[in-house]
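Position one of the sequence shown corresponds to residue 1 (the numbering used here), numbered consecutively onward.
Glycine included, each C-beta is placed from N, C-alpha and C at the ideal position.
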Amino acid sequence: MAEVQTNTQSLGELSQRFIEFVMMQAQNAALFLGQIPNPQTGKGEVNLELAKMFIDQLGMIQDKTRGNLTNEEGAVLRNTLSNLQMAFVEVSKETREGKTESAPAAEAETAEPAAPEPESPTTPPTEAESESRKKFTKSYGA
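Have a look at this one:
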């Protein structure tokens with residue numbers, strides 16, 4: 001007898017898993033569009049950069065699977081992607097107009113405070129930094 005590997009999962013199970021995958025990616029995008037509250041803070045937070053990454057991934061999946069999806073899978077992916085793209089446009093417009101209370105996309109939403117940027121030797125110190133440095137500068141007579 002020839003050894004033939006059979007897929008133990010039915011096509012219905014695979015289809016369901018694909019739809020679950022699409023929905024997980026969509027949920028991540030919605031989280032970063034502020035549509036779903038952050039589980040740690042309980043507040044909606046906007047990070048357009050991460051939302052765009054998840055939306056772009058779904059777009060890539062749509063391109064790479066074109067012609068290989070069932071009608072149901074294709075419809076779920078197409079509808080999910082278009083809804084997320086519309087939401088992205090709306091949220092980015094609101095963010096630009098300053099209507100959202102969430103952090104702008106350029107700032108990363110992390111629980112840890114951002115580390116201060118190292119000082120560049122060519123960057124002149126601000127007035128507050130100059131004052132701070134003056135307090136600790138010792139003069140050897142002039």
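DSSP lists Leu-33 as the beta-bridge partner residues of Val-46.
The C-beta distance from Val-46 to Phe-32 rounds to 7 angstroms, short enough to meet the 8 angstroms contact threshold. When the Cα atoms are used, Leu-69 and Pro-39 turn out to be separated by approximately 33 angstroms.
Bounds of the alpha helix (DSSP H) holding Arg-96 are 71 to 97. Each residue's CA atom was taken as its position, placing Gln-25 and Asn-79 some 13 angstroms apart. Glu-94 is not a Cβ neighbour of Ser-15, given a cutoff of 8 angstroms. Looking at Asn-28, Gly-67, Val-76 and Arg-17, the one whose alpha-carbon comes closest to that of Ile-55 is Asn-28. Between Leu-84 and Leu-58, the C-beta spacing is below 8 angstroms.
Each of Glu-20, Leu-77, Ala-75 and Ala-30 was checked against the Cα of Leu-50, and the nearest Cα belongs to Ala-30. Separation of Glu-13 and Val-76 (C-alpha to C-alpha, rounded to the nearest whole angstrom) is 15 angstroms. CA-to-CA, the gap between Val-89 and Lys-52 works out to about 10 angstroms.
Between the beta-carbon of Gln-35 and that of Gly-44 there is about 7 angstroms, and that keeps the pair under the 8 angstroms contact cut.
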